[in-house]
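> The structure follows.
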């Protein structure tokens, strides 16, 4: 199967420009659902907002469950300050350094979008000799792009406590094959799955097992695709990003196969199978451990699901910060998924 890499990259670009912080992901799910409507395969949304597409397979007794998540990091308005700036709380786990100077949008309850910038509360070095202070919740705020001088002015805009804040992606593609943008976690993997499903339908591929593809909406806060898993599911594969950094094996040019994360080891038999497939089909891969990481597969086991679980994904540099991946990694992830889904269950 030829990898539609240009279309995968195009879908990533579409997705990262659709705001979807955890708890406010409906528009991104709408996008995926619209793309998959042409398959005519059954799709359902659960109460949490996740979208599940079911591909009928030859074996109706043993099913597979594959998931990626469309929710991203973001924030929520905590307080309207007396000077007209907004205090906020983080949605998801990221460092304050990663959002210093980020352009953002406040999404009001009456569907207004008000632009702003996340900054330290007194960031000018010409005014504050301690402007280079530690970034943390009480030293950060949103500066609104609106003529406001106090709390009442902000409230008249329709902004209130509890409004969602999304971060601009700052999307860019390089001539050398890199994709630089926020929200590659996990919209890169969602794009891979979107295009793989469409290609399987186009080619009329019949899978050996009925397979459920779920696009989750609560992964970044730890309880994503751990519900609505059919009892017939034996293998659960999370497709998420591979974290790159000092001491890690993962890179931006291969598919990452996770052996263990902060929750614990992944299923050894299923991991070995994925490695064997990568070797057989000459798919570049790396095995890695992520000590400060958790996935929807781990969440499912913690919730009591009796499944064999595994985790793969494209390598993403500077995860939860200024992220970057490469076309080669997206292609390798697509290839391994394609080969895995065509195999018999363990």
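In the working numbering, the protein residues as written are 77 to 422. Built from N, CA and C at the ideal position, the CB exists for glycine as well. Keep in mind it's a predicted model, so treat the numbers as computed, not measured.
Three or more C-beta pairs closer than 8 Å, one from the segment 326–339 and one from the segment 376–391: is that the case here?
The segment 326–339 is in contact with the segment 376–391.
> Return the bridge partner residues of residue 202 from the DSSP annotation.
Here residue 202 refers to the residue found at position 126 of the chain shown. The partner list for residue 202 (beta bridge, DSSP) is empty, contrary to what the question assumes.
> Under a three-way DSSP split, which group does residue 116 fall into?
By one-based count along the chain shown, residue 116 stands at place 40. Three-state result, residue 116: coil.
> Mind checking which residues open and close the beta strand (DSSP E) that includes residue 401?
Your numbering for residue 401 matches position 325 in the chain shown. Looking at the DSSP string, the run of the beta strand (DSSP E) that includes residue 401 is 400–402.
> Tell me residue 243's beta-bridge partners as DSSP assigns them.
Here residue 243 refers to the residue found at position 167 when the chain shown is read from its first residue. For residue 243, which the question treats as bridged, DSSP gives the partners 180.
> Is residue 205 buried or exposed, if buried means 16 or more other CB atoms sit within 10 Å of its CB?
Translated into positions along the chain shown, residue 205 becomes position 129. The residue is exposed, with fewer than 16 neighbouring Cβ atoms inside 10 Å.
> Measure the alpha-carbon distance for residue 144 versus residue 301 and round it to whole angstroms.
Locating residue 144 in the chain shown gives position 68, counting from the first residue. Locating residue 301 in the chain shown gives position 225, counting from the first residue. Their Cα atoms are separated by approximately 8 Å.
> Hey, how far is the Cα of residue 124 from the Cα of residue 202?
Counting from one through the chain shown, the residue named residue 124 turns up at place 48. Counting from one through the chain shown, the residue named residue 202 turns up at place 126. Each residue's alpha carbon lies about 48 Å from the other.
> Would you report the Cα separation of residue 234 and residue 184, rounded to the nearest angstrom?
For the purposes of this step, residue 234 is identified with residue 158 of the chain shown, where counting begins at 1. For the purposes of this step, residue 184 is identified with residue 108 of the chain shown, where counting begins at 1. Their Cα atoms are separated by approximately 6 Å.
> Who are residue 332's beta bridge partners in DSSP?
Translated into positions along the chain shown, residue 332 becomes position 256. Paired residue(s): 362 and 389.
> Going by C-alpha distance, which of 393, 187 and 177 is nearest residue 194?
By 1-based counting over the chain shown, the position of residue 194 is 118. It is 177.
> Three-state secondary structure (DSSP) at residue 210?
Start at 1 with the first residue of the chain shown, and residue 210 comes out as number 134. Looking at residue 210 - three-state DSSP - the assignment turns out to be coil, as it is neither helix nor strand.
> Identify which residue in 135, 334 and 199 has its Cα closest to the Cα of residue 210.
In the chain shown, residue 210 corresponds to position 134, counting from 1. Per the Cα distances, 199.
> Using only the alpha-carbon positions, how far apart do residue 328 and residue 345 sit?
The sequence position of residue 328 within the chain shown is 252, counting from 1. The sequence position of residue 345 within the chain shown is 269, counting from 1. Cα to Cα, the separation comes out at about 25 Å.
> What separation, rounded to the nearest whole angstrom, lies between the Cα atoms of residue 246 and residue 396?
Position 170 of the chain shown, counting from 1, holds the residue named residue 246. Position 320 of the chain shown, counting from 1, holds the residue named residue 396. Spanning the two alpha carbons is a distance of roughly 14 Å.
> Between which two residues does the beta strand (DSSP E) holding residue 319 run?
By one-based count along the chain shown, residue 319 stands at place 243. Element bounds for residue 319: 318–320.
> To the nearest angstrom, how far is it from the Cα of residue 287 to the Cα of residue 276?
Taking the first residue of the chain shown as 1, we reach residue 287 at position 211. Taking the first residue of the chain shown as 1, we reach residue 276 at position 200. Spanning the two alpha carbons is a distance of roughly 12 Å.
> I need the DSSP call for residue 292, collapsed to helix, strand or coil.
Taking the chain shown and counting its residues from 1, the one referred to as residue 292 is at position 216. Residue 292: strand per DSSP, three-state reduction.
> How big is the Cα-Cα spacing for residue 357 and residue 414?
On the chain shown, position 281 is the one that residue 357 refers to. On the chain shown, position 338 is the one that residue 414 refers to. Distance between the alpha carbons of residue 357 and residue 414 is about 11 Å.
> Using beta-carbon positions only, say whether residue 268 and residue 410 come within less than 8 Å of one another.
By one-based count along the chain shown, residue 268 stands at place 192. By one-based count along the chain shown, residue 410 stands at place 334. Yes, Cβ-Cβ distance for residue 268 and residue 410 is below 8 Å.
> Is it buried or exposed, residue 321, if we count other Cβ atoms within 10 angstroms and call 16 or more buried?
Reading the chain shown from its first residue, position 245 is the one you call residue 321. When all chains shown are included, residue 321 counts as exposed.
> Just the C-alpha distance for residue 222 and residue 179, rounded to the nearest angstrom, thanks.
Along the chain shown, read from residue 1 onward, the residue named residue 222 stands at position 146. Along the chain shown, read from residue 1 onward, the residue named residue 179 stands at position 103. Going from the Cα of residue 222 to the Cα of residue 179 covers about 14 Å.
> At 3 residues or longer, and completely inside the segment 112–176: list those beta strand (DSSP E) runs for me, N to C.
Those beta strand (DSSP E) runs which fall completely within the segment 112–176 and span 3+ residues are 118–121, 127–131, 133–145, 150–156 and 162–167.
> Output needed for residue 284: all residues of its chain with C-beta closer than 8 Å, excluding positions within five of it in sequence on either side, in chain order.
Reading the chain shown from its first residue, position 208 is the one you call residue 284. Excluding residues within five positions, the ones whose Cβ falls inside 8 Å are 133, 134, 135, 418, 419, 420 and 421.
> Whole angstroms are fine: how far does the CA of residue 182 sit from the CA of residue 81?
Here residue 81 corresponds to residue number 5 of the chain shown, with the count starting at 1. Here residue 182 corresponds to residue number 106 of the chain shown, with the count starting at 1. Cα-Cα distance, rounded: 33 Å.
> Please check the pair residue 314 and residue 250, which I expect to be a contact at CB under 8 Å, by giving their CB distance rounded to whole angstroms.
Along the chain shown, read from residue 1 onward, the residue named residue 314 stands at position 238. Along the chain shown, read from residue 1 onward, the residue named residue 250 stands at position 174. That pair is no contact at about 28 Å.
> Label residue 278 either buried or exposed according to how many other C-beta atoms from any shown protein chain fall within 10 Å of its C-beta, with 16 as the threshold for buried.
Residue 278 sits at position 202 when you count from the first residue of the chain shown. It counts as exposed.
> Kindly confirm or deny that the segment 151–170 and the segment 90–102 touch, where touching means at least three C-beta pairs closer than 8 Å.
Judged by Cβ distances under 8 Å, the segment 151–170 makes contact with the segment 90–102, as three or more pairs qualify.
> Does the distance from the C-beta atom of residue 412 to that of residue 331 stay below 8 Å?
Taking the chain shown and counting its residues from 1, the one referred to as residue 412 is at position 336. Taking the chain shown and counting its residues from 1, the one referred to as residue 331 is at position 255. Contact: yes.
> Considering only DSSP beta bridges, list what residue 347 is partnered with.
Residue mapping note: residue 347 aligns to position 271 of the chain shown, counting from 1. In the DSSP output, where bridge partners are listed per residue, residue 347 has none listed.
> For residue 91, does the three-state DSSP call read helix, strand or coil?
For the purposes of this step, residue 91 is taken as the residue at position 15 of the chain shown. Residue 91 falls in the helix class under three-state DSSP.
> Straight-line CA distance for residue 325 to residue 243?
Translated into positions along the chain shown, residue 325 becomes position 249. Translated into positions along the chain shown, residue 243 becomes position 167. The alpha-carbon atoms of residue 325 and residue 243 are separated by roughly 29 Å.
> Rounded to whole angstroms, what is the Cα-Cα separation between residue 306 and residue 213?
Along the chain shown, one-based indexing puts residue 306 at 230. Along the chain shown, one-based indexing puts residue 213 at 137. Using only the alpha carbons, I get a separation of about 41 Å.
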